[in-house]
Amino acid sequence: MTPPSSSQDDEYVAIIDQKEVTDEVRDIAIKYDPLNQSGHEGFHITADDELHIDDALVMKEHGLIEKKIPNDSIQIVPLPSETGQLVNQYGNNGFRLYNLPAPEDGSVIGLLGRNGIGKSTALRCLSGQLKPNLGHPDEEIDWDQTIKRFRGTTLQQHLERLRDGAVTAAYKEQRVETVSESEGETVRERLSDQPNDPDRF
(Lines of atoms letter the chains of each structure in order from A and count residues from 1; the text may use other names and numbers.)
(Lines give C-alpha, C1' and ligand atoms only; values in the text may rest on other atoms or scores of the structure.)
Protein backbone atom coordinates (compact mmCIF):
# COMPACT_ATOMS: atom_id res chain seq x y z
CA MET A 1 0.00 0.00 0.00
CA THR A 2 1.41 3.39 -1.04
CA PRO A 3 1.64 6.08 1.66
CA PRO A 4 -0.58 9.12 1.09
CA SER A 5 1.18 12.08 -0.44
CA SER A 6 0.91 15.76 0.24
CA SER A 7 -1.71 17.84 -1.50
CA GLN A 8 1.17 19.97 -2.81
CA ASP A 9 4.06 19.08 -5.12
CA ASP A 10 6.49 20.90 -2.82
CA GLU A 11 9.04 18.93 -0.84
CA TYR A 12 9.47 19.34 2.90
CA VAL A 13 11.99 18.32 5.51
CA ALA A 14 11.51 17.83 9.25
CA ILE A 15 14.12 19.45 11.47
CA ILE A 16 14.07 17.72 14.85
CA ASP A 17 16.01 19.09 17.83
CA GLN A 18 16.40 15.85 19.79
CA LYS A 19 17.55 17.73 22.92
CA GLU A 20 14.19 19.53 23.07
CA VAL A 21 12.00 16.51 22.29
CA THR A 22 9.97 15.63 25.39
CA ASP A 23 7.65 12.70 25.98
CA GLU A 24 4.74 15.04 25.23
CA VAL A 25 6.29 16.05 21.89
CA ARG A 26 6.82 12.40 20.96
CA ASP A 27 3.23 11.52 21.81
CA ILE A 28 1.82 14.43 19.78
CA ALA A 29 4.07 13.74 16.77
CA ILE A 30 3.15 10.06 16.63
CA LYS A 31 -0.55 10.57 17.39
CA TYR A 32 -1.21 13.38 14.89
CA ASP A 33 1.06 12.18 12.07
CA PRO A 34 -1.19 11.75 9.00
CA LEU A 35 0.92 8.80 7.84
CA ASN A 36 0.55 7.00 11.17
CA GLN A 37 -3.19 7.70 11.14
CA SER A 38 -3.50 6.02 7.73
CA GLY A 39 -1.59 2.87 8.73
CA HIS A 40 1.85 3.88 7.44
CA GLU A 41 5.01 4.75 9.32
CA GLY A 42 5.64 8.46 9.75
CA PHE A 43 7.07 9.84 12.97
CA HIS A 44 8.39 6.99 15.09
CA ILE A 45 10.94 6.22 17.81
CA THR A 46 14.21 4.67 16.61
CA ALA A 47 16.31 1.99 18.31
CA ASP A 48 18.45 4.89 19.61
CA ASP A 49 15.34 6.27 21.35
CA GLU A 50 15.11 9.29 19.03
CA LEU A 51 12.08 10.75 17.25
CA HIS A 52 12.48 10.24 13.50
CA ILE A 53 10.71 10.44 10.15
CA ASP A 54 12.19 9.59 6.75
CA ASP A 55 12.86 12.77 4.76
CA ALA A 56 11.11 11.38 1.68
CA LEU A 57 7.86 11.03 3.65
CA VAL A 58 7.65 14.54 5.13
CA MET A 59 4.76 16.54 3.69
CA LYS A 60 2.99 19.84 4.24
CA GLU A 61 0.37 18.21 6.46
CA HIS A 62 3.08 17.46 9.04
CA GLY A 63 3.01 21.20 9.79
CA LEU A 64 0.00 20.48 12.03
CA ILE A 65 2.34 18.67 14.41
CA GLU A 66 4.66 21.67 14.52
CA LYS A 67 1.68 23.81 15.59
CA LYS A 68 0.46 21.36 18.24
CA ILE A 69 3.71 20.76 20.11
CA PRO A 70 4.51 23.03 23.10
CA ASN A 71 8.02 24.01 21.94
CA ASP A 72 10.13 24.44 18.78
CA SER A 73 11.64 20.95 18.77
CA ILE A 74 10.07 20.06 15.39
CA GLN A 75 10.06 22.33 12.36
CA ILE A 76 8.54 21.39 9.01
CA VAL A 77 10.41 23.40 6.38
CA PRO A 78 9.68 23.60 2.64
CA LEU A 79 12.68 22.90 0.43
CA PRO A 80 13.45 25.45 -2.28
CA SER A 81 11.94 24.37 -5.57
CA GLU A 82 13.45 24.87 -8.98
CA THR A 83 10.87 26.78 -11.00
CA GLY A 84 10.97 29.15 -13.92
CA GLN A 85 13.43 29.65 -16.75
CA LEU A 86 16.91 28.29 -16.02
CA VAL A 87 19.22 31.23 -16.71
CA ASN A 88 22.66 30.22 -15.47
CA GLN A 89 24.32 27.32 -13.71
CA TYR A 90 27.75 27.03 -12.10
CA GLY A 91 29.13 23.51 -12.64
CA ASN A 92 27.16 20.31 -13.13
CA ASN A 93 25.78 20.23 -9.59
CA GLY A 94 26.33 23.88 -8.78
CA PHE A 95 24.13 26.85 -8.03
CA ARG A 96 21.30 27.46 -10.51
CA LEU A 97 19.68 30.83 -11.20
CA TYR A 98 16.07 30.81 -12.38
CA ASN A 99 14.42 33.84 -14.01
CA LEU A 100 15.67 37.37 -14.31
CA PRO A 101 14.02 40.68 -13.48
CA ALA A 102 13.17 42.65 -16.64
CA PRO A 103 14.68 46.15 -16.71
CA GLU A 104 12.64 48.96 -18.23
CA ASP A 105 13.93 52.25 -19.62
CA GLY A 106 14.10 54.92 -16.96
CA SER A 107 13.60 52.49 -14.11
CA VAL A 108 15.78 51.26 -11.30
CA ILE A 109 15.94 47.63 -10.22
CA GLY A 110 16.78 46.76 -6.65
CA LEU A 111 17.24 43.17 -5.54
CA LEU A 112 16.86 42.26 -1.90
CA GLY A 113 17.24 38.90 -0.24
CA ARG A 114 19.46 36.69 1.84
CA ASN A 115 22.95 35.70 0.77
CA GLY A 116 23.41 33.06 -1.89
CA ILE A 117 20.12 33.37 -3.79
CA GLY A 118 21.60 34.79 -6.98
CA LYS A 119 21.24 38.56 -6.72
CA SER A 120 24.78 39.28 -7.93
CA THR A 121 24.57 36.62 -10.65
CA ALA A 122 21.30 38.11 -11.92
CA LEU A 123 22.79 41.60 -12.02
CA ARG A 124 25.92 40.35 -13.79
CA CYS A 125 23.69 38.72 -16.43
CA LEU A 126 21.59 41.87 -16.85
CA SER A 127 24.67 44.09 -17.15
CA GLY A 128 26.34 41.85 -19.73
CA GLN A 129 29.26 40.98 -17.45
CA LEU A 130 28.13 37.35 -17.51
CA LYS A 131 26.61 35.70 -20.55
CA PRO A 132 23.89 33.32 -19.30
CA ASN A 133 24.71 29.66 -20.06
CA LEU A 134 21.05 28.51 -19.83
CA GLY A 135 22.01 25.59 -17.59
CA HIS A 136 24.86 24.31 -19.79
CA PRO A 137 27.99 25.25 -17.82
CA ASP A 138 30.35 23.36 -20.14
CA GLU A 139 29.04 24.93 -23.36
CA GLU A 140 29.57 28.33 -24.95
CA ILE A 141 26.08 29.81 -25.37
CA ASP A 142 25.79 32.79 -27.71
CA TRP A 143 23.51 35.78 -27.24
CA ASP A 144 21.11 34.61 -29.96
CA GLN A 145 20.42 31.37 -28.07
CA THR A 146 19.80 33.33 -24.88
CA ILE A 147 17.49 35.78 -26.66
CA LYS A 148 15.59 32.90 -28.24
CA ARG A 149 15.01 31.40 -24.77
CA PHE A 150 13.43 34.66 -23.59
CA ARG A 151 11.55 35.41 -26.83
CA GLY A 152 8.16 36.97 -26.18
CA THR A 153 9.12 38.29 -22.75
CA THR A 154 9.93 41.82 -21.67
CA LEU A 155 13.52 40.65 -21.18
CA GLN A 156 14.01 39.95 -24.90
CA GLN A 157 14.49 43.60 -25.89
CA HIS A 158 17.01 44.23 -23.11
CA LEU A 159 19.08 41.18 -24.10
CA GLU A 160 19.02 42.22 -27.78
CA ARG A 161 20.28 45.67 -26.84
CA LEU A 162 23.03 44.12 -24.69
CA ARG A 163 24.09 41.90 -27.59
CA ASP A 164 24.16 44.86 -30.00
CA GLY A 165 26.04 47.12 -27.60
CA ALA A 166 23.11 49.54 -27.65
CA VAL A 167 22.79 49.69 -23.89
CA THR A 168 25.24 50.01 -21.09
CA ALA A 169 24.37 48.82 -17.65
CA ALA A 170 26.03 49.44 -14.34
CA TYR A 171 25.24 48.25 -10.89
CA LYS A 172 26.37 49.21 -7.46
CA GLU A 173 26.76 46.36 -5.02
CA GLN A 174 25.51 47.46 -1.66
CA ARG A 175 26.79 45.94 1.53
CA VAL A 176 23.68 46.17 3.69
CA GLU A 177 25.65 45.96 6.91
CA THR A 178 27.15 49.40 6.15
CA VAL A 179 23.78 51.11 5.72
CA SER A 180 23.41 51.71 9.46
CA GLU A 181 26.68 53.66 9.34
CA SER A 182 25.10 56.15 6.91
CA GLU A 183 22.33 57.33 9.22
CA GLY A 184 21.28 60.84 8.29
CA GLU A 185 22.56 60.68 4.71
CA THR A 186 20.30 61.20 1.74
CA VAL A 187 20.19 58.64 -1.06
CA ARG A 188 22.07 61.12 -3.29
CA GLU A 189 24.82 61.49 -0.68
CA ARG A 190 25.03 57.73 -0.13
CA LEU A 191 25.32 56.81 -3.81
CA SER A 192 27.54 59.59 -5.05
CA ASP A 193 31.07 60.68 -4.36
CA GLN A 194 29.94 64.08 -5.75
CA PRO A 195 26.66 64.63 -3.86
CA ASN A 196 26.31 68.27 -4.90
CA ASP A 197 26.54 67.62 -8.65
CA PRO A 198 22.89 67.84 -9.85
CA ASP A 199 23.76 66.40 -13.27
CA ARG A 200 24.84 63.07 -11.81
CA PHE A 201 21.24 61.89 -11.32
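Everything in the sequence shown is counted per UniProt numbering, starting at 1 for the first residue and increasing by one.
Here a beta-carbon is modelled for each residue, glycine too, at the ideal position from N, C-alpha and C.
| Check | Outcome |
| --- | --- |
| Name the two residues that bound the continuous beta strand (DSSP E) containing ASN99. | Counting along the chain, ASN99 falls outside any beta strand (DSSP E), and DSSP gives it neither H nor E. |
| Any contact between the stretch 123–141 and the stretch 159–170? By contact I mean 3 or more CB pairs, one from each, below 8 Å. | yes |
| Would a C-beta distance cut-off of 8 Å place LEU57 and LEU35 closer than the cut-off? | yes |
| Look at the alpha carbon of GLU20 and the alpha carbon of GLN75, and state the distance between them as a whole number of angstroms. | 12 Å |
| Where do the ends of the beta strand (DSSP E) carrying ILE76 lie? | 74–78 |
| Roughly how many angstroms lie between the CA atoms of residue 205 and LEU100, to the nearest whole one? | Not covered by the structure: residue 205. The range shown for the chain is 1 to 201. |
| Applying the 10 Å Cβ sphere with the 16-neighbour rule, what's the burial state of ASP55? | exposed |
| Helix, strand or coil: how does DSSP classify LEU35 here? | helix |
| Can you list, in chain order, the residues of its chain with a C-beta nearer than 8 Å to that of ASP10? Leave out the 5 residues immediately preceding and following it. | LYS60, PRO78, LEU79, SER81 |
| Between the C-alpha atoms of VAL108 and LEU123, what's the straight-line distance to the nearest angstrom? | 12 Å |
| Quick check: what's the CA-CA separation for ILE45 versus VAL13? | 17 Å |
| Taking the continuous beta strand (DSSP E) assigned at GLN89, which residues delimit it? | 86–89 |
| Please state whether DSSP places VAL25 in a helix, a strand or coil. | helix |
| I need the boundaries of the beta strand (DSSP E) containing ALA14, first residue and last residue. | 12–16 |
| Among residues of its own chain, excluding the 5 on either side of HIS62, which ones have a beta-carbon nearer than 6 Å to its beta-carbon? | ILE76 |
| How many Å lie between GLY113 and LEU97 at the Cα? | 14 Å |
| Comparing alpha-carbon positions, which option in HIS40, PHE150, ASP27 lies nearest ILE69? | ASP27 |
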